[in-house]
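Here the sequence shown is numbered in the numbering used here, starting from 21 and rising by one per residue.
The beta carbon of each residue, even a glycine, is placed where N, CA and C say it ideally should be.
In what follows, a single structure is set out as structure tokens and then discussed.
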Amino acid sequence: MIFVSLIIFPFALIEAKFIGFSMYTTCVIWLAFAAVYFAIDVKIFALCVATNASAYVVLIFLFFPKLYLIIFKPEKNHRR
21 MIFVSLIIFP FALIEAKFIG FSMYTTCVIW LAFAAVYFAI DVKIFALCVA
71 TNASAYVVLI FLFFPKLYLI IFKPEKNHRR
């Protein structure tokens, strides 16, 4: 049983790295948005930029690594 969990654990650790980095980057984006929102007159522009940046961060760090494995590394695309 311990041997099986050791095989599965590294993949979970790699996935957690992407999730954590995505969350931290999103928090930084929204903290920067709060500072910029009160500093400029065009508030809707700041909101649109922050929303788009958050969406791109999630897309890049959560979706693209999976897409890369599916398209370019099909030999690694299987369960152990």
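For residue i, collect the residues of the same chain with a Cβ closer than 6 Å to its Cβ; drop the 5 residues on either side in sequence, then sort them by chain order.
{"i": "residue 93", "result": "none"}
{"i": "residue 83", "result": "none"}
{"i": "residue 65", "result": "none"}
By Cβ distance below 8 Å, which residues in the same chain neighbour residue i in space, the five residues on each side in sequence not counted?
{"i": "residue 85", "result": "38"}
{"i": "residue 63", "result": "57"}
{"i": "residue 77", "result": "42, 45, 46, 49"}
{"i": "residue 53", "result": "66, 67, 69, 70"}
{"i": "residue 73", "result": "49"}
Restricting to Cα atoms, I'd like to know which of the options is closest to residue i.
{"i": "residue 67", "options": "78, 55, 36", "result": "55"}
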